Structures are given as C-alpha cells and as structure tokens.
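In the working numbering, the protein residues as written are 1 to 255.
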C-alpha cells in the first residue's frame, strides 16, 4: 500500500506541476462560478416576485432552484474535464516507451493501477474542493437542506471516480492521448445518456438499461436520497472497470 501512495503522490505532483491542471481548474471554476451566480440571481428574482405578488417567498426551494442544478452542472463539467485528466496516465508511458519498464519493475501491477487511480481522483477532489466556496456561501447566507447538499456532493465525486476508471481503461488501450480522451469521453457520455427514454418502460430490458445508466444513481443522491444500492453500483462499477484495465495492462506486459 505504501508503494501505491508513492505512485499517487508522484503522479499528482507531476500533474500539479503541469500547466494543464491550471487551465482545467480555471475553466472548471469559471463555468461553476458563472452557473452559480446565474442560478442565485434567478432564485433571488423569483423569490422577490413571489413575495411581492403572491406572498409566497418562503415557499421557493433553494435546493431545487440552486443546489440541484449546480450539482448537475458540476457533474456535466467533470464529465468533460476528466478525460483530459486521465488521458496521459498510461498513454504517455506508452509514447515514451517507459511502460514496459514500469510493468517489468518489482512493483506489483495493481499498485501501479491503484496509484494512478488515486492520483486522478485526488485531482478531481482538489477541483471540487476549490469550488466548495459556493456551498459555504449558501450555508452562510441561505438555508439549504444540508443532507441533500452532502449526498449530492458525494454522488458527484463517486460518479467522477467512475469516469476516472473509464479514463484509465481508455488510456491503457492506446498511446495517443487525444484518442484516449475521446474514447473516455464517449464511454462516459454513453453511460450518462443510456437511461434516457427508458424511465417509464416497464419491460425487464428497460429496467436493466436504467440501472446501468450512471444518471439513475446520481439523481437520487443529488436529491438527498442515500441508498446503499447506489453506493454498491458505484463501487462495483469502479472495481469492474479497474479489473478490465488490469487485464489490459497484464496482457501488454508479456508482449
């Protein structure tokens, strides 16, 4: 486990030393701030109108009008950003011809894989931490429901970890970072839209498709529903995709 942490720290340090991180973080924070301010402005305007004309200002939900939309916006933005974060994980090693040396080293393959997974999820966690000012602002000046806010943030992070695992799988398949990023984005987008149109389908196939869709597990958490079946889905998904990545790398070790 110590080796895993060493690899994770090395990769995170390398990423933070790269201008790519600062470009990604700046774009992420700009989009987050822009959306947050727009949602706050819309909520403030509608609250004022409701209180002035209907006397129902207190009936408007801060969670429904601000918290849920900002969390979904964050999820979509991370869906776009994570392929850029993960694309170099193994592709760069392949391009520099250092992957065979890495795979033939005394370090166990699973430690290498877990180290890179922790490094990428650590970068995502840092970006989410930088955007947490919006949650603090809402708590200080508004009265949001805390449980939906916390479960929503957890859901977005777990979704991001799933996308990181997909990014590592894509990066292990090619030495071209652009191809790895596009493949990772395509897989993540497919999981996102998979459940569209099957919510009201009563067939067994529709239920299976809806369950596989990552959105069907993110939505309840954003709305404050904490279900162990959703946690099991995320954990199983991450384990399965990392296992596939492990098998891909293991097959390349003997080429």
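From the three backbone atoms N, C-alpha and C, an ideal C-beta is built for every residue, glycine too.
As the structure is a computational prediction, the values presented were derived from the model and not from experiment.
Residue i vs residue j beta-carbon contact at 8 Å
| i | j | result |
| --- | --- | --- |
| residue 195 | residue 209 | yes |
| residue 123 | residue 15 | yes |
| residue 91 | residue 216 | no |
| residue 78 | residue 163 | yes |
| residue 248 | residue 187 | no |
| residue 121 | residue 161 | yes |
| residue 111 | residue 223 | no |
| residue 128 | residue 218 | no |
Of the residues the options, the one placed nearest residue i, counting alpha carbons only
| i | options | result |
| --- | --- | --- |
| residue 28 | 126, 90, 4, 8 | 126 |
| residue 166 | 248, 41, 3, 83 | 83 |
| residue 95 | 175, 11, 182 | 175 |
| residue 10 | 237, 89, 228 | 89 |
| residue 85 | 131, 139, 18 | 18 |
Residue i beta carbon near the ligand GTP (any heavy atom closer than 7 Å)
| i | result |
| --- | --- |
| residue 186 | In terms of ligand content, the structure shown is empty, and the ligand GTP therefore cannot be addressed. |
Nonlocal neighbours in the same chain, by C-beta distance under 8 Å from residue i, ignoring five residues either side
| i | result |
| --- | --- |
| residue 5 | 115, 118 |
| residue 185 | 79, 80, 83 |
| residue 246 | 109, 110, 113 |
Same chain only: Cβ atoms within 6 Å of residue i, ignoring 5 sequence neighbours per side
| i | result |
| --- | --- |
| residue 43 | 65, 66 |
| residue 21 | 15 |
| residue 63 | 144, 145, 148 |
Interface flag, residue i vs chain B, CB-CB below 8 Å
| i | result |
| --- | --- |
| residue 111 | Any reference to chain B falls outside this structure, which holds one protein chain only. |
Segments assigned alpha helix (DSSP H), at least 4 residues, entirely inside the segment 147-207 | Entirely contained in the segment 147-207, the alpha helix (DSSP H) runs reaching 4 residues are, in chain order, 177-193.
Only counting runs of 4 or more residues, tell me where the alpha helix (DSSP H) segments fall wholly within the segment 202-246, in order along the chain.
-> Qualifying alpha helix (DSSP H) stretches, in chain order: 204-212, 215-222.
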